[in-house]
Amino acid sequence: MREKEYSKEKFARIANTLGAGVKGGKAKDYEDRTRSELYAQAKENGISGRSKMTKSELINELINN
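All residue numbers for the sequence shown refer to my numbering, where the first residue is 105 and numbers rise by one.
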């Protein structure tokens with residue numbers, strides 16, 4: 105997974121996620137989530153400035169953070 109050049113923090117988050125090695129997760133696509141759900145995920149991931157972000161901006165940050 106490190107070959108994709110994730111930051112060390114993102115790599116640790118992915119590796120320590122419950123069920124990280126299990127395929128076929130049931131998570132909804134970001135586009136199918138509400139802004140509130142995306143905001144909660146951004147908060148959990150420590151993304152700053154999230155309160156002023158639109159749904160599209162939250163999705164972009166979650167994908168690229």
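Cβ coordinates follow ideal geometry from the N, Cα and C atoms, glycine included.
Exercise. Please name the residue, chosen from Leu-162, Asn-168 and Asn-169, that lies closest to Asp-136 on a Cα-to-Cα basis.
Key: Nearest C-alpha to Asp-136: Leu-162.
Exercise. Determine the DSSP secondary structure at Asn-164, reduced to helix, strand or coil.
Key: Reduced to three states, the DSSP call for Asn-164 is helix.
Exercise. Using three-state DSSP, classify Lys-132 as helix, strand or coil.
Key: It is coil, neither helix nor strand.
Quiz item: Which of the three DSSP states, helix, strand or coil, is assigned to Gly-153?
Solution: If DSSP states are grouped into helix, strand and coil, Gly-153 belongs with coil.
Quiz prompt | Given Ser-160 as reference, the closest of Tyr-143, Phe-115 and Asn-149 once Cα atoms are compared | solution = Checking every option, the nearest Cα to that of Ser-160 belongs to Tyr-143.
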